[in-house]
Structure formats: structure tokens, C-alpha cells
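Position in the sequence shown (first residue = 1) + 5 = this note's numbering.
From the three backbone atoms N, C-alpha and C, an ideal C-beta is built for every residue, glycine too.
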Amino acid sequence: MSVNLKTPQEIEQMRIAGRLASEVLDIVAPHVKPGVTTEELDRICHDHIINVQKAIPANVGYRGFPKTVCTSVNNVICHGIPSEGKVLKDGDIVNIDVTVIKDGWHGDTSRMYFVGTPSVMARRLVDVTYQAMWAGIRAVKPGATLGDIGHAIQSLAEGERFSVVREYCGHGIGKVYHDEPQVVHYGRPGQGLVLQPGMTFTIEPMINEGTRYNKVLPDGWTVVTKDRKLSAQWEHMIAVTETGVDVLTLAPGESQV
Numbered sequence: 006m007s008v009n010l011k012t013p014q015e016i017e018q019m020r021i022a023g024r025l026a027s028e029v030l031d032i033v034a035p036h037v038k039p040g041v042t043t044e045e046l047d048r049i050c051h052d053h054i055i056n057v058q059k060a061i062p063a064n065v066g067y068r069g070f071p072k073t074v075c076t077s078v079n080n081v082i083c084h085g086i087p088s089e090g091k092v093l094k095d096g097d098i099v100n101i102d103v104t105v106i107k108d109g110w111h112g113d114t115s116r117m118y119f120v121g122t123p124s125v126m127a128r129r130l131v132d133v134t135y136q137a138m139w140a141g142i143r144a145v146k147p148g149a150t151l152g153d154i155g156h157a158i159q160s161l162a163e164g165e166r167f168s169v170v171r172e173y174c175g176h177g178i179g180k181v182y183h184d185e186p187q188v189v190h191y192g193r194p195g196q197g198l199v200l201q202p203g204m205t206f207t208i209e210p211m212i213n214e215g216t217r218y219n220k221v222l223p224d225g226w227t228v229v230t231k232d233r234k235l236s237a238q239w240e241h242m243i244a245v246t247e248t249g250v251d252v253l254t255l256a257p258g259e260s261q262v
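What follows is the structure, given as C-alpha cells:
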């Protein structure tokens, strides 16, 4: 496996792209409410990236994907395609996943949103998934392994009686959208690739209310839980530093813990 290490200057370029991606998720947040279509959310994100940020929406046309963001609602694990036919309703949960290209560098992040008032289970799943992402991030430092990250996420999620999706994972990123290494969200301590300063990748656990099993719908993109129970996901893009980890996609007011 060849992993492309970034210089401090290149990481700063990635931070700019990461901040733009985070900004898109800030801009769309007030619009996530009952009655809105996922198509409308996609349009808001697309227009902001193109017209305000003067950047490129990385997903449009990527391997044939037709939209700017992925909108994954309720039992959709990932890669939900925005559409006029998908109208959000009170109690829904939705993940919005966006990647922005600025000056050739990718910024990739996703967040969960509540539509109206979520159920107790939905809120708990979303909160635990956020905690699991941060458990994985806290495991990042030079000399640690990818297995350490996966173990931290898996232990927290399964300790709350949720399950970890295994078929989809985090990834290396930079000038290449999906690069080495693959960052799975389960594993054993001490196993896998040893982390080095200059590595950049995403940590984006997908956690299910029920079993971890999933299927892809006929559109070839949308991944749903096999048992139709809820799924949640959060994503940050990070860099391994000389002393630990640097999160490049922090939201306003979100502290690096």
C-alpha cells in the first residue's frame, strides 16, 4: 500500500477545502425541516459551492453520481441520491455528506440532522455515532495503527448495542478523492497500517440501530439497512501530526476533543 504523505503546506490547502465543506453544512442546516425535499437541499449546497465559494462540487459526475451531496434519510446508510420525490417529515434523521474541491484539494465531511423532533432511539443513535467518530479520532497519533481507530469505534458502538457497517469505510484523501489507506471502522488494537505524520484521511463511521447488514437499491448507489432500522453517520477529515491529530473539517464551535 502506497500512502501519499502531505507536507504542512499541503495540509493547510486541505484545511481551506475542509472549512469550505464544513461551511456548506452550516448553510444548509436551517433548511433541514419538515416539508423540504432532498432535491432542494442539494440545490442550496450546489449553489453555495459554485456561486459563493467559487469551488467545485466533487460528487457531481463522480463515477456517475448525479448530485452535489448525498442525503441519507432514516434507514439509508450512505449514498442516498437527492430527489424531488423525497420529502422530509417530522422525526426523520438525515445525513448530508459533501465534498468540495478548492485549488485541486478535496474537503470531505458529513453531519447528521434532526428533522423536527426525533424519537428517543434516533437521538441516541445519532449521539452515539458522533461519540464513536470522536473515539476513532482520539486514537490517531504517530505510531498508532488503523486497527486502533477501528477498535475504538467498534468498542463504543457495540457497547451501546449498536452495530458497525463493515462494507463502507473512511479513506485517504488529498488531491485524490478516494485514496489509500482504507479506514475501516472496526478492528483490533495494534493491527493494520502504522500511522505517520502527513497522512490524511477521513473517519466516517456508519452505525446501525439493528444489525450491520445492508443492501444496495436498484439505483446502484443507495445503501440501506437490511432490517430497515435506522442508520447514522458522521464524518471528519483529519491529518496525522507529529504529536497527534488535526481535524480539518471542524464545525463552528466544535472543539477538537
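Decide if S236 is buried, meaning its Cβ has at least 16 other Cβ atoms within 10 Å, or exposed. S236 should be labelled buried.
Assuming C50 contacts V74 (C-beta within less than 8 Å), just tell me the rounded distance between them. 5 Å
With which residues is F206 paired in a DSSP beta bridge? Assignment of beta-bridge partners to F206 by DSSP yields G177 and I243.
Tell me Y111's beta-bridge partners as DSSP assigns them. Strictly speaking, residue 111 in this sequence is His, with Tyr absent from that position. Answer is I106, bridged to H111.
Between A60, C174, Y191 and Y135, which has its C-alpha nearest Q159's C-alpha? Y191
So, are the CB atoms of I154 and A144 less than 8 Å apart? yes
Buried or exposed: which applies to T230, given that a residue is buried once 16 or more other Cβ atoms fall within 10 Å of its Cβ? buried
For M117, count neighbouring C-beta atoms within 10 Å of its own C-beta (all shown protein chains included) and say buried if the count is 16 or more, exposed if not. buried
Do you know how far the Cα of P62 is from the Cα of S88? 17 Å
Is H183 close to chain D? Criterion is C-beta to C-beta, closer than 8 Å. Among the chains of the structure shown, chain D does not appear; only one protein chain is present.
Touch check for the segment 212 to 227 and the segment 174 to 184: three-plus C-beta pairs under 8 Å? These segments do not touch.
Can you find the residues in the same chain that come closer than 8 Å, C-beta to C-beta, to V65, ignoring five residues on each side of it along the sequence? H51, P71, K72 and T73
Expressed to the nearest angstrom, what Euclidean distance is found between the alpha-carbon atoms of F206 and Y135? F206 and Y135 have their C-alpha atoms spaced approximately 17 Å apart.
Can you give me the start and stop residues for the beta strand (DSSP E) that D251 sits inside? V250 to V252
Considering Cα atoms alone, identify which of G195, L46, M204 and D184 is closest to T248. M204
Using the beta-carbon count (16 or more within 10 Å), is D47 buried or exposed? Per the 10 Å Cβ criterion, buried.
Take F167 as the anchor and find which of V41, I106 and V133 has the nearest alpha-carbon. V133
Leaving out the 5 sequence neighbours to the left and right, which residues in its chain are closer than 7 Å to P39 when beta-carbon positions are compared? Contacts found: L93, K94, D95, V120 and G121.
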